[in-house]
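Undergrad: Numbering (the working numbering), first residue to last: 16 to 200.
Ideal placement from N, C-alpha and C gives every residue a C-beta, glycine not left out.
#1: Tell me whether residue 161 is buried or exposed, calling it buried when 16 or more other Cβ atoms sit within 10 Å of its Cβ.
#2: Mark residue 181 as exposed unless 16 or more other C-beta atoms lie within 10 angstroms of its C-beta, in which case mark it buried.
#3: Should residue 57 be counted as a contact of the ligand ATP given a C-beta to heavy atom distance under 7 Å?
#4: What number of angstroms, rounded off, separates the C-alpha of residue 137 from the C-alpha of residue 118?
#5: Which of helix, strand or coil does DSSP assign to residue 45?
#6: Run the CB neighbour count on residue 157, radius 10 Å, all protein chains shown included, and call it buried at 16 or more, exposed below.
#7: Going by C-alpha distance, which of 52, 51 and 58 is nearest residue 44?
#8: On the DSSP bridge assignment, give the partners of residue 147 in chain order.
#9: Roughly how many angstroms separate the alpha carbons of residue 60 and residue 24, rounded to a whole number?
#10: DSSP three-state call for residue 135: helix, strand or coil?
Written out as structure tokens, the structure reads:
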């Protein structure tokens, strides 16, 4: 039996996989299906405001596996399932990514070519408050060409966090208030 083209497989499975992931309380960040020899490699990247632990990866794997088994005719053969969370180098492309990066140091390249390192404050649906060079600045997402979290091996300076918290009044305060490090991700 011939297997359908990759794009067709992704288009048919992504909505049902997204629903299964959502039922477990997570966001589907990425879904892909690649041919790997005789098998298909199904990659599911999930995230949430509270992060993703190994137990949650297992729960999502079971839920997605059930959905894929129910739609095995689409995959037209055996598959290997990989469920993971985004890496630290994942670009910040959606408002929820910025909320989850609260208090983290990011490298931002603006659409006008300017670049900056900034600490992320409160974020809403249109913009994020950042602290760069000791100054607060609101950056609209439409101004950002690319942004990624920078790895820090020390806790952020307390004065920077206080400044961001005091200034957050005009921007939504949804976000990640955890004090985590790369080792705990």
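TA: In terms of the structure at hand:
#1: As a working note, residue 161 is residue 146 in the chain shown. Exposed.
#2: Along the chain shown, one-based indexing puts residue 181 at 166. Exposed, since its Cβ has fewer than 16 Cβ neighbours within 10 Å.
#3: The model on display carries no ligand, and the ligand ATP is accordingly not part of it.
#4: In the chain shown, counting from the first residue as 1, residue 137 sits at position 122. In the chain shown, counting from the first residue as 1, residue 118 sits at position 103. Just so you know, the alpha carbons of residue 137 and residue 118 end up roughly 9 Å apart.
#5: Mapped onto the chain shown, residue 45 falls at position 30. In this structure, DSSP gives residue 45 an extended state, which the three-state scheme calls strand.
#6: By one-based count along the chain shown, residue 157 stands at place 142. With fewer than 16 other CB atoms across the displayed protein chains lying within 10 angstroms of its CB, residue 157 is exposed.
#7: Locating residue 44 in the chain shown gives position 29, where the first residue counts as 1. Checking every option, the nearest Cα to that of residue 44 belongs to 58.
#8: In the chain shown, counting from the first residue as 1, residue 147 sits at position 132. Residue 147 pairs with 150.
#9: For the purposes of this step, residue 60 is taken as residue 45 along the chain shown, with counting starting at 1. For the purposes of this step, residue 24 is taken as residue 9 along the chain shown, with counting starting at 1. The alpha-carbon atoms of residue 60 and residue 24 are separated by roughly 17 Å.
#10: Taking the chain shown and counting its residues from 1, the one referred to as residue 135 is at position 120. DSSP, read as helix, strand or coil, puts residue 135 in strand.
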